[in-house]
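J.:
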Amino acid sequence: MRRYAATLGAAGALLGLTYLLPAFQNYQLATVAAYLCATAGLTVLTGQCGQLSLGHGALMATGAYTVALMQSAVGSLPLSLAAGVAVTTAAGAVIGLAAARLRGPYLAGVTLAVAVVVPGITTMFDDVLGGDQGRTFYLAPPPFGYDFPFERWQAWIALTAALLTMLLLGNLTASRYGRAFRAVRDDEVAARLCGIHVARTQILAFVVSAAAAGLGGGVLAVLALSVSPGAFSLTLSLFLVMAIVVGGLGSLAGAVWGAILLVALPDLTARVTEVFALPPALAQRLEGNLPLAVFGITLIVVMILAPGGIQGLVRRARSLLPPVPSVNRGR
Amino acid sequence: MDRLVFLTVDGLSRGAVYATMALALVLIWRGARIVNFAQGAMAVAAAYVAHSVTAATGSFWLGFAAAIAAGPALGWLVERLVMRHVGHDRPLNAVIVALGLVLLITAVLGIVYGNEFRPAPAAFDRTALQLGGVPLLSPYDVFVFGTVAVTVGALALLFTRSRVGLRLRASAFAPEVSRLLGVNVSGMLLLGWVLAAGVGALAGMLIIPTEFGLHPNAMDRSFVVAFTAAVVGGLDSPAGAVIGGLAVGLVLSFVGGYLGDQVTPLAIIVLLLAVLLIRTDGLFATPAARRI
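Read top to bottom, the protein sequences are chains A and B. Quick note on my numbering: the first sequence kicks off at 1 and runs consecutively. Quick note on my numbering: the second sequence kicks off at 1001 and runs consecutively.
1. Give the secondary structure of Val103 of chain A by DSSP, where H, G and I count as helix, E and B as strand, and everything else as coil.
2. List the residues of chain B whose Cβ lies closer than 8 Å to the Cβ of Ala98 of chain A, in chain order.
3. By DSSP's criteria, Arg135 of chain A is part of a beta bridge. Which residues make up the other side?
4. Assess, as a yes-or-no matter, whether the stretch 37-54 of chain A is touched by the stretch 201-213 of chain A under the definition of 3 or more beta carbon pairs within less than 8 Å.
5. Measure the beta-carbon distance from Thr39 of chain A to Leu313 of chain A and round it to whole angstroms, keeping in mind my assumption that it falls under 8 Å.
6. Name the DSSP bridge partner or partners of Arg1118 of chain B?
7. By a C-beta neighbour count over all protein chains shown, 10 Å radius and 16 as the cutoff for buried, is Trp257 of chain A buried or exposed?
8. In three-state terms, what does DSSP make of Gln51 of chain A?
9. Looking at C-beta atoms only, is the number of pairs between the stretch 1234-1252 of chain B and the stretch 1017-1026 of chain B that lie closer than 8 Å three or more?
10. Whose CA, out of B:Val1005, B:Gly1234 and B:Gly1256, lies closest to the CA of Arg1033 of chain B?
11. Per DSSP, what kind of secondary structure is Val1134 of chain B in: helix, strand or coil?
12. Does any residue of chain A have a CB that is nearer than 8 Å to the CB of Ala1289 of chain B?
13. To the nearest angstrom, how far is the alpha carbon of Trp1197 of chain B from that of Leu236 of chain A?
14. Please report how far the alpha carbon of Val128 of chain A lies from the alpha carbon of Thr122 of chain A, in whole angstroms.
15. Is the CB of Leu313 of chain A under 8 Å away from at least one CB in chain B?
16. Am I right that Ile1068 of chain B and Gly1192 of chain B are in contact with their C-beta atoms under 8 Å? What's the rounded C-beta distance?
17. Just verifying my parser: in three-state terms, what is the DSSP assignment at Asp126 of chain A?
18. Quick one: what does DSSP say Asp187 of chain A is sitting in, helix, strand or coil?
19. Tell me whether Val194 of chain A sits in a helix, a strand or coil according to DSSP, three-state version.
20. Suppose only complete runs of 4+ residues qualify. What are the alpha helix (DSSP H) ranges in the stretch 1151-1187 of chain B, listed by chain order?
21. Where do the N-terminal and C-terminal ends of the alpha helix (DSSP H) with Arg285 of chain A fall, by residue?
22. Quick one: measure Cβ to Cβ for Ala115 of chain A and Ala58 of chain A, integer angstroms, because I've assumed they're closer than 8 Å.
23. Smallest Cα separation from Phe1145 of chain B: which of B:Ala1043, B:Leu1202 and B:Ala1226?
24. Going straight from the alpha carbon of Val1368 of chain B to that of Tyr27 of chain A, what length do you get?
25. When the cut-off is 8 Å and only beta carbons count, does Tyr35 of chain A lie next to chain B?
26. Give a yes or no on whether the minimum CB-CB distance between Pro266 of chain A and chain B is below 8 Å.
27. With H, G and I counted as helix, E and B as strand and the rest as coil, what does DSSP make of Pro149 of chain A?
28. Note down, in chain order, every chain A residue with its Cβ under 7 Å from the Cβ of Thr1106 of chain B.
29. Are the C-beta of Thr123 of chain A and some C-beta of chain B separated by less than 8 Å?
30. To the nearest angstrom, how far is it from the Cα of Val32 of chain A to the Cα of Leu1025 of chain B?
31. Tell me which residues share the same chain as Leu97 of chain A and place their Cβ nearer than 8 Å to its Cβ, disregarding the 5 neighbours each side in the sequence.
32. Thinking C-beta only, is Val1095 of chain B closer than 8 Å to Leu52 of chain A?
33. Spell out a yes or no on whether the stretch 60-72 of chain A and the stretch 83-91 of chain A are touching, meaning 3 or more CB-CB pairs, one atom from each, closer than 8 Å.
34. On the CB-based measure, 16 or more other CB atoms within 10 Å of its CB, does Leu159 of chain A come out buried or exposed?
35. What's the C-alpha gap between Ala108 of chain A and His56 of chain A?
36. For Cys49 of chain A, is the classification buried or exposed, using 16 other Cβ atoms within 10 angstroms of its Cβ as the cut-off for buried?
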């Protein structure tokens, strides 16, 4: 019940925020929401069930391309997004079946292969998928008249998807399935002795997280109004892993931090480089690469020094504060 | 028939290089139980060093030598500065840190050299010599086979015939016991990383001229192929890595030659999944004690 209230509260606050923010910031908020679908799904898979996937960028691509094709063929957004989730769920089930038999680095390797190889499939069927150029598609204008800002409409779509994902995944991880995930992560043998079907649990985690990634990819496509293989490269998959690790593995709140970082960090590094008047050639090289470097260093440093990520630090800071009632009683 | 011969030779030549890269992965896996996902990026970094040295001196071979020196140096840095500080309470930690290295190395290369493709010349002519009207080996293929054979032979000698090799194997299999017997286990771990990075750099130098050119992400796909090769051979077995590399090279060459180049990416995934689903630990791994 508390979770539904929190979701409603968040929805209200975000709705108000979309009216306060200018168009570009609304677009960024929408992008955070799109990433949040994927990072939340990956958090359930990696943080809670202990399976690392480097292929979630490719799963996002699956959702995005499905939405693009459906938008061109049918044109109904809810239907397109549902189809995107359905197709990605099926893809996730296939990979999940294999994943349930694989451990640690082997699973990482297989999903890495998916991440590297899947963008190439777009050139295999370039008459349908548009090759390297990708595809653009049409999105119907908001049903509130033409003076309603398009970015606010996109933000509403993305935030709805993200809140729905967070609510469903929150319910799932609090249920007995969530407990089974964590049991499998911590000790497979012990989990099996408790009567948990390990393979089935791992497949469930993969399918759920793939569906979330597919929704995220579909929403990302709705934001860009186009899809292309370049948007879903290996780097995206690595970024998603970076986001959940730095945000804090294991809790959905960490996924929120991660999604915010994914949008904020490149923006921040761009602003920092703008401050120094650099020669244009160097500035151009820094633009794409500096965020990568910052992400890479952050990932290494966090992994070595603060494996709990941002959410871990937040939790530690909160436990340092004296609990309120005992302070009153002490006086 | 001509085509079959050509594809076989080409597949074996590419496979030999994949085998070298796979061998680098096996070296680190045996020593530290880490799959070094940054192996490809480290090899690209070494190749860029070669590019710079060649541009400065005008000599291809000086550049080649510089890459073979830069690879181990980078391996040394990575082990000392990063990998030895990673907690081992979860097997995923090292994988994630290696991914951070991938991001960092590609970014630094992109900042220093730019993200354009640069030409990467091959050491020798790559057009195949005719033998009785049938195109067979190219001089480059001969160079590749020779280099890989010498490398594999030298590693085999090192591991089976030298005192250092014995210590390396001992500290990989029983670190605690080896430490008690006076083996410098941490030094051996470092040596493993240095050796592997050197072998990886060599593989990068052999493979990049056969692809599109030099680029910060030039080894992404080759790394996946090499990982497939290592898994086919079982991550634990150096001989398996060589056999796996040759097998994967042949499969990809035949798929590319008979079904079209666009299909090879899919073939990599299918092959990897097929091997892993049949034998979860690869085809040539010795089965470990069964867990209940």
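Here a beta-carbon is modelled for each residue, glycine too, at the ideal position from N, C-alpha and C. Predicted model only: the values in this text are computed from it and were never measured.
T.: On the basis of the supplied data:
1. Reading off the sequence shown, one finds Arg at residue 103 of chain A, where the question assumed Val. In this structure, Arg103 of chain A counts as coil in the three-state DSSP scheme.
2. Under the 8 Å cutoff, chain B gives Leu1273, Leu1276 and Leu1277.
3. The bridge partners DSSP lists for Arg135 of chain A are A:Val227.
4. With a cut-off of 8 Å, the stretch 37-54 of chain A and the stretch 201-213 of chain A count as touching, because enough Cβ pairs lie within range.
5. Taking C-beta atoms under 8 Å as the contact rule, Thr39 of chain A and Leu313 of chain A fail to qualify, at a distance of about 18 Å.
6. Its beta-bridge partners are B:Leu1214.
7. Answer is buried; the Cβ neighbour count reaches 16.
8. Of the three classes helix, strand and coil, the one that applies to Gln51 of chain A here is coil, per DSSP.
9. In short, these stretches touch, since the Cβ pair count reaches three.
10. Nearest option by C-alpha distance: B:Gly1234.
11. Val1134 of chain B: strand per DSSP, three-state reduction.
12. Only weak support is given to the placement of Ala1289 of chain B: the predicted model assigns it a pLDDT of 45, under 50, and the value that follows is read from those uncertain coordinates. No - not a single Cβ of chain A is within 8 Å of the one on Ala1289 of chain B.
13. In the sequence as presented, Trp is not what sits at residue 1197 of chain B; that position holds Ala. Rounded to the nearest angstrom, the two C-alpha atoms are 26 Å apart.
14. Straight across, the Cα-Cα distance linking Val128 of chain A with Thr122 of chain A is about 8 Å.
15. Contacts with chain B at 8 Å (Cβ-Cβ) do not include Leu313 of chain A.
16. About 17 Å separates the two Cβ atoms, so there is no contact after all.
17. Secondary structure of Asp126 of chain A (DSSP, three-state): helix.
18. Note: Asp187 of chain A maps to coil in three-state DSSP.
19. Correcting the residue identity first, residue 194 of chain A is Cys in this sequence and not Val. Secondary structure at Cys194 of chain A: coil, using DSSP grouped into helix, strand and coil.
20. Runs found: 1163-1173 and 1175-1180.
21. Annotation: the continuous alpha helix (DSSP H) that includes Arg285 of chain A extends over Pro280 to Leu305.
22. The pair is a contact, with the Cβ atoms about 5 Å apart (cut-off 8 Å).
23. Checking every option, the nearest Cα to that of Phe1145 of chain B belongs to B:Leu1202.
24. Here chain B has residues from 1001 to 1292 only, and residue 1368 of chain B is not among them.
25. With 8 Å as the cut-off, Tyr35 of chain A does not count as an interface residue toward chain B.
26. Under the Cβ distance rule, Pro266 of chain A does not count among the residues neighbouring chain B, no pair being separated by less than 8 Å.
27. In the structure shown, Pro149 of chain A sits in coil (DSSP, three-state: anything other than H, G, I, E or B).
28. Neighbourhood of Thr1106 of chain B in chain A, by CB distance below 7 Å: Leu292, in chain order.
29. Yes, its Cβ sits closer than 8 Å to a Cβ of chain B.
30. If I take the Cα positions, the gap works out to 36 Å.
31. The residues are Ile203.
32. A contact, by the Cβ cut-off of 8 Å.
33. The stretch 60-72 of chain A is in contact with the stretch 83-91 of chain A.
34. Label assigned to Leu159 of chain A: buried.
35. Their backbone Cα atoms lie some 11 Å apart in a straight line.
36. Buried: at least 16 other Cβ atoms inside 10 Å.
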